[in-house]
Each structure stands twice: as C-alpha cells, then as structure tokens.
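Quick note on numbering: this note's numbering labels position 75 of the sequence shown as 59, and the sequence is numbered without any gaps.
For each residue, glycine too, the CB sits at the ideal point set by N, CA and C.
Keep in mind that this is a model prediction, so the values were computed, not measured.
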Amino acid sequence: DLEARREVAQTIHYLDHANQGSSLIQLVRGHFSHPNLRVLVSSDFIQRKFGRPVLEPSPVHENILGTDIHGTGCLRGFVHPTLVNNSSQATLRLTLLGDFTSDNIGYNRGVKIYTTGAAGVCATETISLGEHGLYSLNDTGVDASLTSQIHGIDHRLKIVERIASKKAAQQKPQADAIGEARMEHRIRNQFHQQLVDQLSESNQKIASPSIPAMDRLGVPRPSRTSWSTDQFLSLLWRVQSGVQLATAAPCPNTIANDGITLQVHESAVANLLDPVLSSRIFKSEDSETYRSQLGGLVASPSAKENEEPWSITFAGFNPIELQLDNGVITFLIRITRLERNGQALDQSATIVAPYRPVISQGELQLVREGPVNINFSGREQRGAASAALRGFLKKKLDLVFKEQLLDQPLRLSEKLPPELSGMNLASLTAEDGWLQAHLN
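As structure tokens, this is what we get:
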C-alpha cells in the first residue's frame, strides 16, 4: 500500500533527522531493501540480437618441418550466445561454430608443394557482468580437426619430385598435427582479443551514458546486481540511498517468454525524484526547460504573454510519486505553497491525476480517468485572494494533466537505441505497485 509505505518512510526520515531510533531505522530499511527496478532479457532475444556471422580471410605464413608455407585462409561461421546458470551474476557463453579453409603453396629447397586445408572449428569463451561492467573469464577454448590434401608437387627434376612426394606422404600426419595445433593457437588468440576489444567498447558506453550523470543532480547511483539462467538474464537495481525505503517484496514474475521486460516499483520513482525535487521552487519561467528535458512529450504549465510570474513549492518529502495499481498510473504531486503576483497560498495540497495506458498500433497514450483532484490539507485559507489562487492552480493543472497526457502518442520503437531497433511496446501494466512494460 503506497500510503502506508509512505507513512513508514516519512517516520524513518524524521527519526533520522532527529538522530533517534538508529536500530529501528536499520531494521525497517533492511526489510524494505529488495531491488525496485529490473530488466529481464530472454535467451531467445539475446541469441537473435547478439548472435553474429563470422567471415575472416587471413594470410597464411607458416614453417612446418622445414617447408615454408604461404597462402590464404578463411574462417566462416557464426557466434552463438548462450546464457549460463549463475545466481551471483549474469553470465554468457559465446560459441563460434565454423569452418576454416586454406589454399597454400609450400617451398622446400626448390620443391613446390600445392595443398589445401579444411578444418571444423569450435571456439568458446565466457563473459560475465561484474561491478565495473562486462569482463572475460579468460577461459578461451578451441577445438579443431584439420585435414589437408596434397594436390601437386613441382620440381624441374622428375626424380626430385618422386623423392619429395614420398617424403611429403610420410610427414603428412605429423605436419597436419603441427598445423592443427598452430591454427588452434591462432584462432584462440584472435577470438579472445576480438572479444576483449568489444567488451572494452561496450563498457565505455556503459560508463559514459548519453544522459546527465545522476550524481550531478544529487542522486546516488543505484546498486546493481544480476543473475542468469538458461532462459533469462536479469539486471536488478536498488534505487535506495540514505534512509530511503525500497520494496519489501521481490520483483513479480513475468509471463513474457520472449523479448525484454522492464519492471519499475513505485519506490524507485519516489526515491529518484526526492533528492532532486524536495522543497524545490518551480517557477513559471522554468516551465519550458522542464518540458524540453521530457522530450516535449507533455505540456508544460507555461505562462501566457503578459501573465504574472507564478511559482509552486514542492513538499519536503516525496513530492512526486506514482501509484501503480488496477491498471492505472496515478500521479501524486505534493506542494506546500503557491505564489502569484505577490500573493501566496500557504496551504499544503496533494494533486491526484489518474491515467490508464492505452496501446494502439505500437503507440502509447495515457488517457485520464476522471477529473484531476486537488486535496488541500489543514484549515482552508479563506479570502478572495486565496480562492483566486486555488482557481488559478486548477486551470494550470488542467493544462498539464489533459484528457490525453502526451501531446503526441509515444512510439517507443523510435526512442530506442540502435541495438534495440525493431522492437515495439507489446504491453504496459500497472499492478500491485509495479509498472511492467514488455517489448518484443
């Protein structure tokens, strides 16, 4: 229950500020400490999106049993990602299945030996997700079975050709074994180095996201954990700092077997916004800035031309929350003061705006259910000025919380990074304090 959890959280907040009840605070915070944000990725999606073909031509230059070999080789195959059971951190095994072919000429004391080689190749390496990003377990394994064929031996003297043919046939098993071992070593090094380079690039993207760093806004980075099974990879965050409360229950089960599922708890939203907006004064001249930060998706309570400046003061604790239940997303905004044209309404109020998500042809719209309510607390501030300010607030809220909240329906596929191109929002539910979005 959102209201009950908020009362507990506020009590803990007051106790902490009064330097009292440290053991009680620790006990309650420990109870409300489950992750409140999760991304669940199916194995089918990982295989479909991150499997990749391999086509790597390369020169061949080897010296085997005194024969200097030159030619060209090519590795063709496919890298298959497979999830590994690991309850401590997400783990993925990459398996390259392919074929190596080569066309070569060997030189030995004036003798030319024309050969081709073919090998089935299996290379594997395991990667895991740690505190600082993705890393390799350095367990690269390669298994190959090389077979070669001699297609011709050339020398200006026929007798030398016959001797060379006999010698080549005798040494062929040993030469194949040496060639196979060297090929495995070469593929092992290439496979590992390519993976290390790719992980380094991925970790740089993770370390420097395109959005402003959370710590610049005074929001500590949430702690992250992960796990994997053969069916799912799970990334979990606990958005909780200081004496904030997360959730008392684990993330709910999901019935989606494919794609990506995002689960967000009410507490994650409140905990993220609290240090940014608590007691903050929102001024009319800031409206367009906030609107642009939201990508222009929603209207802003901007001032009309020649309209007097106005401001609202957010509450000092959890000023903005979401209530997620019965398929409805309810916005709760708490303010303590409204000021306009030198007049002030010093009366706490909670603004309640319920919306139901509607998905049509891959587009999301939030449709309001009922009116926007403004619930004032305490004794009503009387007088014509106070009544005018209350009426002004109602008009501004009607501009923001319209019948359809988004100025334009949101097509999520247009907002996703390139790695997730082609995905659509299949469902969006709000139940028991959790918002759950499924993309496929």
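Query raised in the report: Around the C-beta of N255, are 16 or more other C-beta atoms found within 10 angstroms, so that it is buried, or is it exposed?
Result: buried
Query raised in the report: For the candidate residues E109, Q345, A372, whose alpha-carbon lies nearest to that of S397?
Result: Q345
Requested in this report: Could you check the C-alpha separation between R374 and N359 for me, to the nearest Å?
Outcome: 11 Å
Query raised in the report: From P293, H249, P303, pick the residue whose C-alpha is nearest to that of V260; which is it?
Result: P303
Query - Buried versus exposed call for E403 [16 or more other C-beta atoms within 10 Å across all chains shown] - result: exposed
Report task. List the endpoints of the continuous beta strand (DSSP E) containing E(-13). Result -> From DSSP, E(-13) is part of no beta strand (DSSP E) but of the alpha helix (DSSP H) over -14 to 1.
Report task. Taking only runs that begin and end inside the segment 39 to 76, name each unbroken alpha helix (DSSP H) of 4 or more residues, in chain order. Result -> none
**Report entry** Beta-carbon proximity list for F175, same chain, < 8 Å, skipping 5 on both sides
**Finding:** L80, A107, E109, T124, V126
Query - Same chain, Cβ closer than 6 Å to A410, neighbours up to 5 away in sequence not counted - result: H422, N424
Query raised in the report: Less than 9 Å separating the beta-carbons of T56 and D87?
Result: yes
Requested in this report: Please go through the segment 214 to 273 and give each complete beta strand (DSSP E) segment of 3 or more residues, from N-terminal end onward.
Outcome: 216 to 222, 244 to 249, 265 to 267
Query raised in the report: If we ignore side chains and look at the alpha-carbon of each, how far apart do K142 and T85 end up?
Result: 30 Å
**Report entry** Candidates E347, T320, T231, T245, of which the one nearest A(-12) by Cα
**Finding:** T231
Requested in this report: Give the DSSP-derived three-state secondary structure of N187 in the structure shown.
Outcome: helix
Report task. Look up K96 in the DSSP assignment and say whether it is helix, strand or coil. Result -> strand
Query raised in the report: Which residues mark the beginning and the end of the alpha helix (DSSP H) in which S132 is found?
Result: Taken as a continuous stretch (DSSP letters only), S132 belongs to no alpha helix (DSSP H), being part of the beta strand (DSSP E) at 125 to 138.
Query raised in the report: Looking only at DSSP bridge pairs, what is S212 linked to?
Result: N70, L217
**Report entry** Alpha-carbon to alpha-carbon, Q420 and S263
**Finding:** 30 Å
**Report entry** Classification of T131 by the beta-carbon crowding that lies within 10 angstroms, buried from 16 upward
**Finding:** exposed
**Report entry** Extent of the continuous alpha helix (DSSP H) to which D382 belongs
**Finding:** 368 to 384
Query raised in the report: In chain order, what residues of the same chain have a beta carbon less than 6 Å from the beta carbon of E46, not counting five sequence neighbours either side?
Result: I53
**Report entry** Reference H139, options M167, H116, Q224, V95, closest by Cα
**Finding:** V95
Query raised in the report: Is the beta carbon of F315 less than 9 Å from the beta carbon of L306?
Result: yes
Query - Within 9 Å, strictly: CB atoms of W211 and A74 - result: yes
Report task. Report the three-state DSSP secondary structure of R22 (helix, strand or coil). Result -> strand
Requested in this report: Pick helix, strand or coil for P402, following the three-state DSSP scheme.
Outcome: helix
Query raised in the report: Given I195, which residues of its chain have a CB within under 7 Å of its CB, disregarding the five upstream and five downstream residues?
Result: Residue placement at I195 is flagged as unreliable, the pLDDT there being 47, under the threshold of 50; the coordinate-derived value follows with that caveat. Answer for I195: no residue qualifies.
Query raised in the report: If you run the structure through DSSP and keep just helix, strand and coil, what is A299?
Result: coil
**Report entry** Burial state of V342 (16 or more Cβ within 10 Å)
**Finding:** exposed
Query raised in the report: Apart from the five residues just before and just after E415, which ones in its own chain have a Cβ nearer than 6 Å to its Cβ?
Result: none
**Report entry** Counted within 10 angstroms of its Cβ, other Cβ atoms place S72 as buried (16 or more) or exposed
**Finding:** exposed
Query - L118 to P236 span [Cα, whole Å] - result: 26 Å
Query raised in the report: Which residues in the same chain have their Cβ closer than 6 Å to the Cβ of Q228, if we skip the five residues on either side of it in sequence?
Result: N255
Query raised in the report: Does DSSP classify L420 as helix, strand or coil?
Result: In the sequence as presented, Leu is not what sits at residue 420; that position holds Gln. Q420: strand per DSSP, three-state reduction.
Requested in this report: Mark F62 as exposed unless 16 or more other C-beta atoms lie within 10 angstroms of its C-beta, in which case mark it buried.
Outcome: exposed
Query raised in the report: What residue does the alpha helix (DSSP H) around S27 start on, and which one ends it?
Result: 27 to 34
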